[in-house]
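Going by this note's numbering, the sequence shown wraps up at 723, each residue one higher than the last. Beneath this line is the structure, given in structure tokens, with notes to follow.
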Amino acid sequence: MNSFAFLEKSARQQGDGLALIHGEERISYRTFHQRALAVGGNLLALGCAPGDRVAFCLANSPRIMEVIFGCFAAGLVVVPVNARLHPREMAYIVANSGARILIHGGEYDAGIAANAELFAGVRRISPDAAGDAEQFDMLLDPAKALAAAVDAAPEDLCWLFYTSGTTGKPKGAMWNHRMVR
Numbered sequence: 543m544n545s546f547a548f549l550e551k552s553a554r555q556q557g558d559g560l561a562l563i564h565g566e567e568r569i570s571y572r573t574f575h576q577r578a579l580a581v582g583g584n585l586l587a588l589g590c591a592p593g594d595r596v597a598f599c600l601a602n603s604p605r606i607m608e609v610i611f612g613c614f615a616a617g618l619v620v621v622p623v624n625a626r627l628h629p630r631e632m633a634y635i636v637a638n639s640g641a642r643i644l645i646h647g648g649e650y651d652a653g654i655a656a657n658a659e660l661f662a663g664v665r666r667i668s669p670d671a672a673g674d675a676e677q678f679d680m681l682l683d684p685a686k687a688l689a690a691a692v693d694a695a696p697e698d699l700c701w702l703f704y705t706s707g708t709t710g711k712p713k714g715a716m717w718n719h720r721m722v723r
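So this is what it looks like as structure tokens:
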């Protein structure tokens, strides 16, 4: 069972009900569902394949949930990166996880630019699209949206959380779809 099923069911049952509220922004379950399918489809169109890792480091906003559920829909593995980490620590997690894409807020541009060699080969996408990052809105192209979530087995990996690394380098803790249910 793909963990995207939770959003699928809520969108079917609550359609126009509010799913996400952030400041003045209001997003219904139907819109959230559509945006997540678009994010997933567009990530696949960028060359990701089910099982690939997508890292994100974003301030609180609906974009976080769109990325998470978009990755679930596409069978990708979500790699959340703690927003308080130094860019070198962020780069370690991105590299160690094998993430091909880093979705990040504009507030991280200066730190990433100062450590550009550590982020070499990683495609960067940002809602703020400063520096070398591409615009997040490209992930919302409805022409590349998924019609439905990809099939996922309960044991397929969907989250890769990194530990704090208090006794050494952070390590990835793997969660599969069964654990998220």
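Heads up, the beta-carbon is just placed ideally off N, CA and C, and yes, glycines get one too.
Span of the beta strand (DSSP E), counted from its first residue to its last, around residue i
i: residue 703; result: 699-704
i: residue 561; result: 560-564
i: residue 644; result: 643-646
Span separating the alpha-carbon of residue i from that of residue j
i: residue 556; j: residue 621; result: 28 Å
i: residue 564; j: residue 603; result: 6 Å
i: residue 583; j: residue 712; result: 30 Å
i: residue 554; j: residue 607; result: 18 Å
i: residue 657; j: residue 625; result: 16 Å
i: residue 699; j: residue 566; result: 34 Å
i: residue 560; j: residue 717; result: 28 Å
i: residue 599; j: residue 688; result: 24 Å
i: residue 685; j: residue 627; result: 35 Å
i: residue 678; j: residue 643; result: 12 Å
i: residue 670; j: residue 601; result: 11 Å
i: residue 558; j: residue 569; result: 9 Å
i: residue 629; j: residue 651; result: 9 Å
i: residue 587; j: residue 581; result: 10 Å
i: residue 690; j: residue 591; result: 15 Å
i: residue 696; j: residue 719; result: 5 Å
i: residue 654; j: residue 721; result: 33 Å
i: residue 623; j: residue 647; result: 12 Å
Opposing strand residues paired with residue i [DSSP bridges]
i: residue 622; result: 598
i: residue 654; result: Beta-bridge pairing links residue 654 to no other residue.
i: residue 710; result: Note: residue 710 sits in no beta bridge, so no partner.
i: residue 668; result: 677
i: residue 715; result: 703
Span of the alpha helix (DSSP H), counted from its first residue to its last, around residue i
i: residue 719; result: 719-722
i: residue 550; result: 547-556
i: residue 628; result: No alpha helix (DSSP H) holds residue 628; DSSP gives it neither H nor E.
i: residue 608; result: 604-616
i: residue 577; result: 571-587
heavy atom of the ligand NAP below 8 Å from residue i C-beta
i: residue 562; result: Ligands in the displayed structure: none, and consequently the ligand NAP is not present.
Beta carbon of residue i nearer than 9 Å to that of residue j
i: residue 545; j: residue 723; result: yes
i: residue 707; j: residue 631; result: yes
i: residue 668; j: residue 714; result: no
i: residue 661; j: residue 633; result: yes
i: residue 585; j: residue 681; result: yes
i: residue 619; j: residue 562; result: no
i: residue 675; j: residue 636; result: no
i: residue 673; j: residue 665; result: no
i: residue 595; j: residue 641; result: yes
Does the structure place the region 567-584 close enough to the region 594-612 that three or more beta carbon pairs sit under 8 Å? Result yes; three or more Cβ-Cβ pairs closer than 8 Å.
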